[in-house]
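Residue numbers (the UniProt record's numbering): 1 to 1026.
Even glycine gets a Cβ: it sits at the ideal position worked out from N, Cα and C.
These notes concern the structure reproduced below.
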């Protein structure tokens, strides 16, 4: 009943003090004497696990059959027993299990047993049979000479005792009076607080009455609005839909527009569903939720709507034990809602599955099954410590490798015993399994935890133990030849470059036989972090790894825990149930050994593995026609993919379908005419893939690799030069160019002027008229038609420049000081970079140097040779498309269908980024209105020039549709900031935090719009509240 009784339990921290108080038998507390007895906890009841009887063990039980502890039935074979799951006690026939502690028979047995133990304890502790007899100690004879003095002394002592008692009474009275005064003050404060509480309660009651009245009025308004919706608006909409559907028939009763008919019918069905939902959903939902609360069930719903008739979610799951993830089917269906599949956590799957060949198959006993792990020597241990990098990063206990250099070598002889003991017993200190985890951002410095890379710092003593064990484990797998030659990762004498060359040689040899070759580059999802503990131990056992090694690996994998540390703040400890220790030297070797038999499942392919990277090469039959070879290759690829998926499920090693791609290599020109699917996910065909750091193309050439390497070198050289110039400016060094600049032919520049600024200090200025991203060309060599200027004489004798693509003329008289003509007189305009930092020569008597430069005509012409907006790219599946017809047709479509005008500066065709039988048409718009109109692809026609088309990429948002927000704190989460902006302004497409030349984020944020009106409105306000 959980009610307090008149017994008090005293707990000691010293058994001597406890025995001393027990020996006294009494204790005085506040002028009261209490008896003390020995405390004995309630005895534990022994219940047989076979017959559920009380007071004996299973091996002492005389019953042959086994009694079910839940239902109370007896059986002889546990496999044939079917429990009714109805609790029934065999002792009292109560509705509880037979071994329940709340059984009356078990309670009575425990009480009797406790009394018996108390009685035996009291008899054993109080075994002193001594009885006091005053006759054994006769009183001493009184002193006859001092009888009077003795009586006086006795009276005085009694008076002293009386005086002491009176003083104690006075003290008690004083304490009582002080307590009484405190109690009176407490009562006064209590009365005041009661008055305040009464006043607040009355106020709350008045507020409650007002709230109830508001609720009643609100309910009336809801009912009124509901009646208006159901009885007026929805029937009105239904009638309007009927009228519109009648207008869709001609005089003969034929349907004019079938699509409109279907649309009207769907809208009428939706209106009917709305009425039914409003009328019936309330009562049904209340009944369902009441039933769920009765059985303690929690609802789980999918992340998106499942109804095909509306945007509502009509499917859900109830569960009381596990979290359920509901996924929806994206394909076609004949039902009125999307099919769903419920996924339970992985642990539940493993417990509910049947026997697994890795964990449940019979064991095979090897000859060396009991081979022990060789002990480590002191010199070997010291050598391992010296080879460790002297990093200062600390583990979970604040110890780093850097500290080992201050540890005397003699100490390692003591630690050697600990390591050898771990090898012999497969036990390591529990503190070695603690992990300190740091989170490093993958891209942005301010991001969510899902966009970080966890870095685990293992215990430094465990790392030394792992290194010593690794050498012994490698000897075992090398002697048994467990690792195939196709695996090159984390192995001695197996280089990465050798694996790449063998892969290229294999593909080239297949192509030499005039057969098409397909390579599937498989990426496993977080490979090391998905290592299955039980499956790994069971599989290594069947490979013949000795039992002592397996026990050590099992202890190394299990019972690990970690915490996450961010800026000195530590999270709670959490356990790790899957994956090898990150950063461990032993994890890769265990991983490749666990997956060493993967090639046995891919018989139709040549496999090349490097750690967790797999390249499966498949070729067609030799001596057949090309189309027959492609059909045979398609069949082989499907078999290989099926085998790979089976192995992925068997080894619990999921595949990352998004990063898994295929590469088609053949002498014939063309691409594969079939698609690859893996778990209903489409595997994309790629034209280049970075395999182990090397770019692989269908023709197996090195041009792509060389070009990308050259580009990377240029970028790094430019970055290094820029940093060196910044450092030189900061320390005041005047850097001079090694070669003379070519534009020293400018008129008015003195070559001997020492104050002339170096032309290498020129930095490009981002012009609003220039495209941010060029999809099909670069600035040096592309397939653009160059925009040229032709100079004509005015009647006044001047010159003006006319642009062929536009009708506007530029009247700008170029000055002689701004003209650059490196090739003499030429009619075509050449792109030049003008150094804006070059200063005009000043007279010697002038001390002030002007740094402001006038905008030259050459700079104006160069800026206007670039189109102001990026092009819209339209890709057609065939050649010989008339780009002029495409531009005219799309302009006419927008004019007739949407009453929108489009203005084009230019249009042209290109095949730079297309396949052999494809063609791109690039459209360059003139103004921002045309650009925003074309951004809405829903307004585009279905076909152009009587051909279907696709849009390979969306053009980047130009500066004319962008704004900059200044002084945005770097600590603000850019994702949340973008969500707030997009919620307020629906026309915002992208929110980007800008970076400087060092690729570091700055306090500027760029907003890209899809509507110039919204952009101009925000620019007019000049401020934004987020």
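Can the beta-carbon of residue 661 be found less than 7 Å from the beta-carbon of residue 605? Against a cut-off of 7 Å, the Cβ pair of residue 605 and residue 661 comes out as no contact.
(Q) Which residue wins for smallest C-alpha separation from residue 880, given the options 899, 911, 872, 868? (A) Cα-wise, what sits closest to residue 880 is 911.
**Asked** Which partner residues of residue 35 appear in the DSSP bridge assignment?
**Response** Paired residues: 26.
Check: What number of angstroms, rounded off, separates the C-alpha of residue 1014 from the C-alpha of residue 982?
Finding: Looking at the backbone, the Cα of residue 1014 and that of residue 982 are separated by about 12 Å.
Q.
Taking 7 Å as the limit between beta carbons, can you name the residues of its chain near residue 241, skipping five residues before and five after?
A. Result list for residue 241: 264, 267, 268, in chain order.
Let me check understanding here. Comparing Cα to Cα, which of 55, 218, 371, 698 lies closest to residue 686? Closest by alpha carbon: 698.
For residue 559 and residue 2, the rounded distance between their alpha carbons = Each residue's alpha carbon lies about 38 Å from the other.
Q | Any beta strand (DSSP E) of 3 or more consecutive residues that is wholly inside the stretch 905 to 943 | A | Given a length threshold of 3 residues, each whole run of the beta strand (DSSP E) inside the stretch 905 to 943 is given here in chain order: 919 to 925.
From 170, 611, 984, residue whose alpha carbon lies closest to that of residue 492
Residue 611 is the option with its Cα nearest to residue 492.
Q: Starting from residue 534, follow the alpha helix (DSSP H) in both directions and report where the run begins and ends.
A: Under the DSSP assignment, residue 534 falls in the alpha helix (DSSP H) whose first and last residues are 533 to 542.
Residues bridged to residue 874 [DSSP beta-bridge criterion]:
In the DSSP assignment, residue 874 is bridged to 921.
query: At which residues does the beta strand (DSSP E) containing residue 663 begin and terminate?
result: Per DSSP, residue 663 belongs to the beta strand (DSSP E) from 661 to 665.
Beta-carbon separation (whole angstroms), residue 48 vs residue 68, contact threshold 8 Å
No, residue 48 and residue 68 are not in contact; Cβ-Cβ is about 13 Å, not under 8 Å.
Could you check the C-alpha separation between residue 128 and residue 165 for me, to the nearest Å? Any reading at residue 128 is ruled out, since the residue's pLDDT is 46, under 50, leaving its predicted position unreliable.
Cutoff 6 Å; reference residue 142; Cβ partners in own chain excluding five residues on either side
In this predicted model, residue 142 has a pLDDT of only 49, less than 50, meaning its place in the structure is not dependable; the value taken from the coordinates is given anyway. Closer than 6 Å at Cβ, skipping near neighbours: no residue.
Give me whichever residues DSSP pairs with residue 695 in a beta bridge. When DSSP reads this structure, residue 695 sits in a beta bridge with 690.
Do residue 705 and residue 564 have their C-beta atoms closer together than 7 Å?
Not closer than 7 Å, so no.
TODO: Could you tell me which of 1006, 971, 14 sits nearest to residue 448, measuring between CA atoms?
DONE: The option with the nearest alpha carbon to residue 448 is 971.
For my contact list, residue 432 and residue 462 are in at a C-beta cut-off of 8 Å; report their separation, rounded to the angstrom.
Confirmed, about 4 Å.
State buried or exposed for residue 1018, treating a residue as buried only when at least 16 other CB atoms are found within 10 Å of its CB. So residue 1018 counts as buried.
* To do: Take every Cβ of the stretch 473 to 480, pair it with every Cβ of the stretch 542 to 558, and state whether three or more of those distances are shorter than 8 Å.
  => Touching, per the Cβ criterion.
**OP:** Given a cut-off of 7 Å, decide if residue 900 and residue 933 are closer than it, judged by their beta-carbon atoms.
**Re:** Between residue 933 and residue 900, the CB-CB gap stays under 7 Å.
Fill in: Nearest residue (CA-CA) to residue 409, options 386, 504, 104, 927
Minimum Cα distance to residue 409 is reached at 386.
Original post:
Which residues in the same chain have their Cβ closer than 7 Å to the Cβ of residue 7, if we skip the five residues on either side of it in sequence?
Top reply: If the five residues before and after residue 7 are omitted, its C-beta is found closer than 7 Å to no C-beta atom of its own chain.
Which residues in the same chain as residue 893 place their Cβ atom closer than 7 Å to its Cβ, once the five residues preceding and following it in sequence are excluded? Taking C-beta separations shorter than 7 Å and ignoring five residues to either side along the sequence, the partners of residue 893 in its chain run 941, following chain order.
- prompt: Ordered along the chain, which non-local residues of its own chain (more than five positions away) have a Cβ less than 6 Å from that of residue 113?
  reply: Within the same chain, residue 113 has close Cβ partners 43.
Q) So is residue 253 buried or exposed if we call it buried at 16+ other beta carbons inside 10 Å? A) It is exposed - the Cβ of residue 253 has fewer than 16 other Cβ atoms within 10 Å.
Notebook entry, point to check: Since residue 411 is in the beta strand (DSSP E), which residue starts that stretch and which ends it?
Noted result: Per DSSP, residue 411 lies in no beta strand (DSSP E) segment; the continuous alpha helix (DSSP H) that holds it begins and ends at 411 to 425.
Report task. Return yes when the Cβ of residue 919 is within less than 7 Å of the Cβ of residue 909, no when it is not. Result -> Taking the C-beta atoms as reference points, residue 919 is found nearer than 7 Å to residue 909.
Is the stretch 511 to 525 in contact with the stretch 617 to 630, if contact means three or more CB pairs nearer than 8 Å?
Contact holds: three or more Cβ-Cβ distances are below 8 Å.
Handout entry: Separation of residue 238 from residue 1008, as counted between CA atoms
Key = Roughly 41 Å between the two C-alpha positions.
Quick one: complete beta strand (DSSP E) runs, 3+ long, within the stretch 54 to 106?
-> Taking 3 residues as the minimum length, the stretch 54 to 106 contains no beta strand (DSSP E) run wholly inside it.
Roughly how many angstroms lie between the CA atoms of residue 186 and residue 193, to the nearest whole one? Whole-angstrom Cα-Cα distance: 10 Å.
- request: Use the C-beta contact count for residue 357: other C-beta atoms within 10 angstroms, 16 or more gives buried, fewer gives exposed.
  value: Classification of residue 357: exposed, given that the 10 Å Cβ count is below 16.
I need the boundaries of the alpha helix (DSSP H) containing residue 1006, first residue and last residue. Unbroken run through residue 1006 is the beta strand (DSSP E), 1001 to 1009; no alpha helix (DSSP H).
Specify the secondary structure class of residue 21 as computed by DSSP and reduced to three states. Here DSSP, grouped into helix, strand and coil, assigns residue 21 to helix.
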